[in-house]
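Quick look at the structure:
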């Protein structure tokens with residue numbers, strides 16, 4: 001992973017074999033990023049995304065392996081109990097154009113991943129909501 005800062009925005013390049021969430025945590029902790037918006041594109045070879053069942057309050061995860069292009073990756077960096085917290089959703093398409101997506105649990109880069117991380121002033125934290133079953137942004 002390499003990155004460079006331009007004003008309040010970082011351009012981050014991740015390399016083959018790196019895992020997106022792991023590297024994003026390393027980056028955020030090194031740079032002291034506490035609140036940011038994240039967008040990205042690239043290529044992955046192994047990823048797991050989930051869809052939240054609001055009735056059962058659990059995620060159903062799906063794992064995909066093969067040749068995939070990241071069509072969209074969006075989300076936020078903030079904190080939970082003052083520690084790094086990241087909430088990303090990703091959609092990736094196979095060679096036939098079939099797209100698969102959801103809440104990002106894990107994604108291993110096959111070629112590259114180019115991220116734009118826009119830092120925001122201030123902080124938000126996360127708090128678990130029993131009612132919803134998720135870690136919600138708390139102001």
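In the UniProt record's numbering, the protein residues as written are 1 to 139. Cβ atoms here follow ideal geometry from the backbone N, Cα and C, with glycine treated the same way. Note that the structure is a prediction, hence the values are computed from the model and not measured.
Those residues which DSSP pairs with residue i across a bridge
i          : result
residue 84 : 79
residue 2  : 13
residue 63 : 48
Separation of residue j from residue i, as counted between CA atoms
i           : j          : result
residue 100 : residue 8  : 31 Å
residue 33  : residue 78 : 8 Å
residue 6   : residue 52 : 35 Å
residue 95  : residue 62 : 18 Å
residue 45  : residue 88 : 18 Å
residue 121 : residue 35 : 7 Å
residue 116 : residue 80 : 22 Å
residue 91  : residue 84 : 23 Å
Residue environment, residue i, which counts as buried when at least 16 other CB atoms sit within 10 Å
i           : result
residue 11  : exposed
residue 128 : exposed
residue 97  : exposed
residue 42  : buried
residue 132 : exposed
Reduced DSSP category for residue i - H, G, I as helix; E, B as strand; rest coil
i           : result
residue 139 : coil
residue 21  : helix
residue 131 : coil
residue 28  : helix
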